[in-house]
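Numbering (our numbering), first residue to last: 6 to 177.
Here is the structure we will look at, set down as structure tokens.
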């Protein structure tokens, strides 16, 4: 899949719209491919779930989000996609049984890929049991670990099975 878009900017806004522009990700042979389209994702600041603003990839590097609530705060991201996919995987897990009794309990997600072999924190302070990891590369295997955290410390890890997107052979 393609790499991260660069220079994501708000170019205009009103009470209910947000216009964005960005630069295409740099193509690096064997590392990241050219982006053929983009998905714009939005989430209200108080909501941990990302939602797609467009159902089909757009090819332009600009987009206007409409229908926003006046004076609300939002987070926005743009994900490049191509024939290899958009380089994302969404993982979910069974909530900790302590979650109902501890409103400070949250989750941390770490990721390991078959090339780097080190565990890196990709999300922390999650107050839900779902996370979308980005920049998932075809041909690599990934594992995720989920930890519950609270004032007492860190739980033992729950480990995912190995996850992989096979590399496609040939050109489109």
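Beta carbons: idealized from backbone N, C-alpha and C, even for Gly.
Check whether residue i and residue j have beta carbons under 8 Å apart
{"i": "residue 66", "j": "residue 26", "result": "yes"}
{"i": "residue 110", "j": "residue 73", "result": "no"}
{"i": "residue 86", "j": "residue 41", "result": "yes"}
{"i": "residue 128", "j": "residue 80", "result": "no"}
{"i": "residue 6", "j": "residue 143", "result": "yes"}
{"i": "residue 159", "j": "residue 53", "result": "no"}
{"i": "residue 125", "j": "residue 8", "result": "no"}
{"i": "residue 98", "j": "residue 134", "result": "yes"}
{"i": "residue 71", "j": "residue 123", "result": "no"}
Outcome for residue i when other beta-carbon atoms lying within 10 angstroms are tallied against a minimum of 16
{"i": "residue 136", "result": "buried"}
{"i": "residue 45", "result": "buried"}
{"i": "residue 78", "result": "exposed"}
{"i": "residue 113", "result": "buried"}
{"i": "residue 38", "result": "buried"}
{"i": "residue 116", "result": "buried"}
{"i": "residue 107", "result": "exposed"}
Three-state class that DSSP yields for residue i in the structure shown
{"i": "residue 105", "result": "helix"}
{"i": "residue 72", "result": "coil"}
{"i": "residue 23", "result": "strand"}
{"i": "residue 122", "result": "coil"}
{"i": "residue 110", "result": "coil"}
{"i": "residue 92", "result": "coil"}
Distance between beta carbons of residue j and residue i, contact taken as under 8 Å
{"i": "residue 152", "j": "residue 138", "result": "Rounded, the Cβ-Cβ distance is 15 Å, inconsistent with contact."}
{"i": "residue 96", "j": "residue 149", "result": "5 Å"}
{"i": "residue 146", "j": "residue 103", "result": "Not quite, the Cβ-Cβ distance comes to about 31 Å (not below 8 Å), so this is no contact."}
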